Structures are given as structure tokens and as C-alpha cells.
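Undergrad: Residues -24 to -1, 1 to 516 (mature numbering (1 follows the signal peptide of the UniProt record, and there is no 0)) are what the sequence shown spells out, left to right. Please find one structure pasted underneath; my questions will follow.
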Amino acid sequence: MKQAIFLQILIGILVCSSVFCVNAEDPYRYFTWIVTYGTIYPLGVAQQGILINGQFPGPPIEAVTNDNIIVNVFNNLDEPFLITWNGIKQRRTSWQDGVLGTNCPIPPNSNWTYKYQLKDQVGSYTYFPSTLLHRAAGGFGAINVAARSVIPIPYPIPDGELTLLISDWYSAGHKALQKKLDAGLPLPLPDGVLINGSPNKFIFTGEQGKTYRLRISNVGIKTSLNFRIQGHTMTLIEVEGAHSLQELYDTIDVHVGQSISVLVTLHGTPKDYFIVASTRFTGRTTISANATLHYAGSNTPASGPLPIGPTYHIHWGMKHARTIRLNLTANAARPNPQGSFHYGTIQVVRTLNLTLSSTKIDNKLRYALNGVSYVDPETPLKLADWFNIPGVFSFNTIKDTLTTPPGSAVLGTSVFNTTLHDFVEIVFQNPEKSIQSMHLDGNSCYVVGYGSFTWTPDMRKRYNLADGTPRHTYAVFPQSWTAVLCSLDNKGMWNLRSQMWENRYLGQQCYVRVSNDEKSFFTEADVPLNALYCGKAKHP
């Protein structure tokens, strides 16, 4: 009898152990980042850059779907500092978003630890500073999230991977650029374009006949870029975490803040080839950077002519953007088809018709959304909302559509109040002659329409309601509009902003509060134990 009882207990222990093994926590990846100033030479002239662990660009985060990411950031700059995770959804934890609406900045000579999970995410993303004009000095890098081995990918496993961070660049330091904006003056055209921190020195070596995955991200602050490889075509496979239809491209646009992945097969004659990133929508002035694709064993240098790309060509850019569509039969980060979410059949409960504008307030340049030029309060919005601190923001500051005369604007702290699981339509209306790149933290929205001139409700007849691509950053072409559909299923306070840092710094941003009356850890995590407090928010 005792032996039988012992056997039952032993079996129970083994069963419990197996359950715990199956339900074990996802892996943790730990990073310690030391943020410092350092001398860099991107354009051949010494200037002050922002380094992470002595590196420019910063070190990549290489991870797998559902990994837990712990990043301890030491701020050794002379100014408060934050890093934001561009495109990472951070389920239930907008506390980790790293923008001034959700976090107090990390003071100089101190540190703060970010903790978030790559829950149900796969693909190519980036990180960068969100404070002041720090992004113009560096501090950016790649976040590459590989699929779990149990989830098949819809393309052949590549023979290797390459991360390419392309960006515009200024020879002036970030404080000089900030001083210019503070004086009410716009930034000029950039002085150069970089590929992985250099205008012409980066070399990628591959083997003839092999196929490589290139993760390409535009980490610049102002300029859309076109990417191409001499003598080679590119197969698009991923756009900001979504598997795309595998269209073939000779040349592809990557707007500020966007990320893509392409497959490139080295089918050419063994020699060197030019890799080119060049500016778009910069008038008659085109600025470019060249890298080198080197076939292993070749001694033949690359030679001209350089592959030609588009320059202004608004209509081409819009048509090109429409060709990027979702692969409805592919798995996502979980083993369910991407096309299982039929976004085109869901009833829209609210439309945010956002007009992007430039204006002058007190004779200084400002940018606005629906007539409101955003000003950061001393107290982060998320802390004010969580602790019911009055006087920080109001839901009445900004309206769902422009109600003031075009071009006029007021200063304000604008927040849209939405309910968890609202399905909303956001229309970005750009009457300006320059391209825009808009972004919503914590969410992916289906890009359903591009059009010229002014959007009207009748334009909905032209929406792509079947295979639009979910993205976190959306191009809005000059004197045109872009429409997206969003399921707001991530509770928190999320930054809706221009990715053009001049525009964002001078007010072209707001926040979207996604909330409900339920206090539950399953929908939103509690305030972190290590949360920083500032302004009217005091440590409880």
C-alpha cells in the first residue's frame, strides 16, 4: 500500500515537473548599454556622435519571437535621455515605450532598465533616441527578431543575413541643429547619406549562387531613401513584422522610420557591385551613399554606371507603395495565417482625420496635427493618467477632424481618448509639398489607401480591404493622403508622431490613450517598480 502511494506521489511530481517544463518562461536576453559621446567621422569630418558601448551605429538586438528583453541603459551624456523601440508592440507595457509621454527621461550620470517582451512578433525593427535631437547624432541600431523554429517561414532559409541601416546625415552636431529649430528655422537638406555609418566604406562579402536576407531600415531624421543593388533584383519578404507577397523589385523606397527585408541571390559574374541609397523628394538635389557587394574571391572592383533610382516622382512612389501587399497564406509569429484577421469586414467605430500642417507661432516655425502643435508637459501623460493627476492634459485639446482655418495652430498637449479594441480609421492629410512619414507606437495599422489631393469619404471605395500590409510607419506623399485601419488592442498611452524629427520636435505629434474601466494585469501591467518620477508625479 505504501509503495502504491509512493508511486502515485512520484508520478504526480513527474507530471507537475513536465507541466512546468512545457510552460517554462520564454528566454531572457540581457543587455548593458553605456551611452556616451564620442568622436565620429561619418562624412570625413570629426564631429560629436552618440555611441552605445563605443559603437556607431549601436549594437543590434538579435532575438527570437517571445524573448524577454532586458536593457540596462547608462546615460553618460550631459542631457536627459531616452531610447524608444520603433515598431515593438510591447503588449500591456507602454511604460517601456521610451518617449516623454510615457517615461521620465533618464537623468545624466544615471541608469534605467527597460523590460519588455517580443510577444508574438517577428521581423525587422529599430531603436533610437527619442529625446531632443539626439537621434541626429547616433544612438540608433537594429532589432532583428527571428521566427521560432516551430513556425515555418514562407521563403527558403537564406544562406546568411545582413543588416543595413540607411540614413540621411548632417555634419552639424545635434545641439546646433536643435538650436536652429529652437530659433524657429527649418533644417536644410542633409549633408550626406550613410549606409551603416559610412557614405562609401561599407563592404558586404557573399558567395556566388547563395541567397542572403537583407534587413533594411531608414534610421534618418528627414529624408526618404531609395535602395538598389547594381545588377541584382530584390525579392520583398517582410515589412515591419509582416510577411509580404514576394514581389520582385529593381529598386525600393524606404521612408523615414520604415523597415523591410529582401532576399538577394548572388547570380552575377564574380566581381564587386555597387549598393546605393539615394534621397527621394529633395528637388533637383540628389544625395547618395554607396556600399559594395563583394563576391568572395573576386579581384574586380565595382564600376559604373550606378543603378538609376527615382528622385521626385510622386506618382511612381504611390504606385510603388500600393504593390506592397500582405501574404495572406503565410504564418505570422504564431501558427495562424496572416489572412485570418479579416480587417476589411470590421465596422469602423471612429475616424481620425488628421491634417498635417506647418505654421508659425510667435513668429517661429511650428508643425501641427489638426491645428494643435504638441508641447511635452513636465509630467509624463502615462503617469498623470495612472495616478489621476489633474492639469497635465485634456481630451478636449484636439478634435477628430480639423476645425480651425488651415495653416493656423495653437500650442497644446493633445491626447485622443479611445477604448480598448476600438477599430478606427486614421486618415493622414498632407497639404504640404514635402513627403511625410507618420508612426503609431504600440500598434500595427493596415495601410488601405493612398491618394492625391484631398481625402473624402467617397475615397473609401478605393480602399484595399483584402491584403493591405500592417505597418507601424506610413508614408504620406506630398499634397496627398494616406488611410490606415487600426484595431486598438494594446492598452496604454501611445505616441502618434511624425518620424521626421524636425516636425516631431516642433509639435507634429500627439498621443492615443487606449483604455477601459477594467484594472487587470491581463490587459495592462502595473507601474514598474523601477519607474522614474518627475513633474507632478511623486514616488508613491
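Note that the Cβ used here is the ideal one computed from N, Cα and C, for glycine as well. The structure presented is a predicted model; accordingly, all values stated were derived computationally and were not measured.
How should residue 516 be labelled, buried or exposed, when 16 other C-beta atoms within 10 angstroms of its C-beta is the threshold for buried?
TA: Position 540 of the sequence shown, counting from 1, holds the residue named residue 516. Per the 10 Å Cβ criterion, exposed.
Undergrad: Could you check what DSSP says for residue 358 in three-state terms: helix, strand or coil?
TA: Start at 1 with the first residue of the sequence shown, and residue 358 comes out as number 382. Note: residue 358 maps to helix in three-state DSSP.
Undergrad: Note the first and the last residue of the continuous alpha helix (DSSP H) segment covering residue 294.
TA: Start at 1 with the first residue of the sequence shown, and residue 294 comes out as number 318. Its alpha helix (DSSP H) spans residues 290 to 298.
Undergrad: For the beta strand (DSSP E) that residue 405 lies in, which residues bound it at each end?
TA: Position 429 of the sequence shown, counted from the start, is the residue given in the question as residue 405. Unbroken beta strand (DSSP E) run through residue 405: 398 to 406.
Undergrad: When the Cβ atoms of the segment 383 to 394 are set against those of the segment 408 to 426, are three or more pairs found closer than 8 Å?
TA: Contact fails: fewer than three Cβ-Cβ distances are below 8 Å.
Undergrad: On the three-state DSSP scale, how would you describe residue 321?
TA: As a position in the sequence shown, residue 321 is number 345, starting the count at 1. Correct three-state label for residue 321: helix.
Undergrad: Reducing DSSP to helix, strand and coil, say where residue -10 ends up.
TA: Here residue -10 is taken as the residue at index 15 of the sequence shown, counted from 1. Because the pLDDT at residue -10 is just 35, under 50, the model does not fix this residue reliably, and the value given afterwards should be weighed accordingly. Helix at residue -10.
Undergrad: Report the rounded CA-to-CA distance for residue 302 versus residue 174, giving the unit in angstroms.
TA: Counting from one through the sequence shown, the residue named residue 302 turns up at place 326. Counting from one through the sequence shown, the residue named residue 174 turns up at place 198. Approximately 33 Å, taken between the alpha carbons.
Undergrad: Classify residue 505 as helix, strand or coil using the three-state DSSP reduction.
TA: Position 529 of the sequence shown, counting from 1, holds the residue named residue 505. Correct three-state label for residue 505: coil.
Undergrad: Quick check: the Cα distance between residue 145 and residue 322, rounded to an integer number of angstroms?
TA: Along the sequence shown, one-based indexing puts residue 145 at 169. Along the sequence shown, one-based indexing puts residue 322 at 346. Looking at the two C-alpha atoms, the distance is approximately 42 Å.
Undergrad: Determine, using beta carbons only, whether residue 199 and residue 255 come nearer to each other than 8 Å.
TA: Counted from its first residue, the sequence shown places residue 199 at position 223. Counted from its first residue, the sequence shown places residue 255 at position 279. The answer is yes: Cβ separation under 8 Å.
Undergrad: Could you tell me the distance, in whole angstroms, from the CA atom of residue 62 to the CA atom of residue 88?
TA: Within the sequence shown, numbered from 1, the residue matching residue 62 stands at position 86. Within the sequence shown, numbered from 1, the residue matching residue 88 stands at position 112. Their backbone Cα atoms lie some 18 Å apart in a straight line.
Undergrad: Could you tell me the boundaries of the alpha helix (DSSP H) in which residue 480 lies?
TA: The residue labelled residue 480 in the question sits at position 504 within the sequence shown. Counting along the chain, the alpha helix (DSSP H) containing residue 480 begins and ends at 477 to 481.
Undergrad: Would you tell me roughly how many angstroms separate the C-alpha atoms of residue 504 and residue 75, rounded to the nearest one?
TA: Taking the first residue of the sequence shown as 1, we reach residue 504 at position 528. Taking the first residue of the sequence shown as 1, we reach residue 75 at position 99. C-alpha separation (whole angstroms): 15 Å.
Undergrad: Determine the DSSP secondary structure at residue 433, reduced to helix, strand or coil.
TA: If you number the sequence shown from 1, residue 433 lands on position 457. In the structure shown, residue 433 sits in a helix (DSSP, three-state: H, G or I).
Undergrad: Between which two residues does the alpha helix (DSSP H) harbouring residue 150 extend?
TA: Your numbering for residue 150 matches position 174 in the sequence shown. Segment 150 to 158, the alpha helix (DSSP H) holding residue 150.
Undergrad: According to DSSP, simplified to helix, strand and coil, what is residue 234?
TA: Position 258 of the sequence shown, counted from the first residue, corresponds to residue 234. Looking at residue 234 - three-state DSSP - the assignment turns out to be coil, as it is neither helix nor strand.
Undergrad: With 16 other CB atoms within 10 Å as the buried threshold, where does residue 193 fall?
TA: Residue numbering aside, residue 193 sits at position 217 when the sequence shown is read from its first letter. Answer is buried; the Cβ neighbour count reaches 16.
Undergrad: With distances taken between CB atoms, is the gap from residue 486 to residue 374 smaller than 8 Å?
TA: The sequence position of residue 486 within the sequence shown is 510, counting from 1. The sequence position of residue 374 within the sequence shown is 398, counting from 1. Closer than 8 Å, so yes.
Undergrad: Drop a sphere of 10 angstroms on the beta-carbon of residue 22, count the other beta-carbons inside from all chains shown, and report buried for 16 or more, exposed for fewer.
TA: Mapped onto the sequence shown, residue 22 falls at position 46. The residue is exposed, with fewer than 16 neighbouring Cβ atoms inside 10 Å.
Undergrad: Which residue's Cα is closest to the Cα of residue 234: 191, 312, 226 and 341?
TA: One-based indexing of the sequence shown puts residue 234 at position 258. The shortest Cα separation from residue 234 among 191, 312, 226 and 341 belongs to 191.
Undergrad: Return the Cβ separation of residue 195 and residue 141 in integer angstroms, given the expectation that the two are a contact with Cβ distance under 8 Å.
TA: Counted from its first residue, the sequence shown places residue 195 at position 219. Counted from its first residue, the sequence shown places residue 141 at position 165. About 5 Å separates the two Cβ atoms, so the contact holds.
Undergrad: In terms of residues, what are the limits of the beta strand (DSSP E) holding residue 104?
TA: Here the question's residue 104 lines up with position 128 in the sequence shown. Its beta strand (DSSP E) spans residues 99 to 105.
Undergrad: Below 8 Å on the Cβ atoms is my contact criterion, and I expect residue 78 with residue 86 to pass it. Report the Cβ-Cβ distance as a whole number of Å.
TA: The residue labelled residue 78 in the question sits at position 102 within the sequence shown. The residue labelled residue 86 in the question sits at position 110 within the sequence shown. At roughly 18 Å, the Cβ-Cβ gap does not stay under 8 Å, so residue 78 and residue 86 are not in contact.
Undergrad: Any idea if residue -21 is buried or exposed, counting beta-carbon neighbours within 10 angstroms, 16 or more meaning buried?
TA: In the sequence shown, counting from the first residue as 1, residue -21 sits at position 4. Because the pLDDT at residue -21 is just 43, under 50, the model does not fix this residue reliably, and the value given afterwards should be weighed accordingly. The residue in question, residue -21, is exposed, as its Cβ has fewer than 16 Cβ neighbours within 10 Å.
Undergrad: Using the C-alpha atoms, what's the distance from residue 101 back to residue 214?
TA: If you number the sequence shown from 1, residue 214 lands on position 238. If you number the sequence shown from 1, residue 101 lands on position 125. Using only the alpha carbons, I get a separation of about 11 Å.
Undergrad: Identify which residue in 336, 452 and 90 has its Cα closest to the Cα of residue 520.
TA: Lying before the first or after the last residue shown, residue 520 is absent from the chain, which here runs from -24 to 516.
Undergrad: Could you tell me the alpha carbon to alpha carbon distance between residue 121 and residue 448, rounded to whole angstroms?
TA: By one-based count along the sequence shown, residue 121 stands at place 145. By one-based count along the sequence shown, residue 448 stands at place 472. One C-alpha to the other measures close to 16 Å.
Undergrad: If you run the structure through DSSP and keep just helix, strand and coil, what is residue 385?
TA: To locate residue 385, count along the sequence shown from 1; it is residue 409. Of the three classes helix, strand and coil, the one that applies to residue 385 here is coil, per DSSP.
Undergrad: How do the segment 291 to 308 and the segment 359 to 378 stand: do at least 3 beta-carbon pairs fall below 8 Å, yes or no?
TA: Flag = no, the segment 291 to 308 and the segment 359 to 378 do not touch.
Undergrad: To the nearest angstrom, how far is it from the Cα of residue 26 to the Cα of residue 165?
TA: Start at 1 with the first residue of the sequence shown, and residue 26 comes out as number 50. Start at 1 with the first residue of the sequence shown, and residue 165 comes out as number 189. For residue 26 and residue 165, the distance between alpha carbons rounds to 21 Å.
Undergrad: Return helix, strand or coil for residue 110, following the three-state DSSP convention.
TA: Taking the sequence shown and counting its residues from 1, one reaches residue 110 at position 134. Residue state, collapsed to three classes: helix.
Undergrad: Measuring only the C-alpha atoms, how far is residue 58 from residue 81?
TA: For this step, residue 58 is matched to residue 82 along the sequence shown. For this step, residue 81 is matched to residue 105 along the sequence shown. Their backbone Cα atoms lie some 6 Å apart in a straight line.
Undergrad: Would you kindly work out how many angstroms separate the C-alpha atoms of residue 52 and residue 60, rounded to a whole number?
TA: Translated into positions along the sequence shown, residue 52 becomes position 76. Translated into positions along the sequence shown, residue 60 becomes position 84. Their backbone Cα atoms lie some 17 Å apart in a straight line.
Undergrad: With a CB to CB cut of under 6 Å and the five nearest residues on each side skipped, what residues in its chain are close to residue 502?
TA: Along the sequence shown, one-based indexing puts residue 502 at 526. The answer is none, since no qualifying residue turns up.
Undergrad: Is residue 484 helix, strand or coil by DSSP?
TA: Start at 1 with the first residue of the sequence shown, and residue 484 comes out as number 508. Of the three classes helix, strand and coil, the one that applies to residue 484 here is coil, per DSSP.
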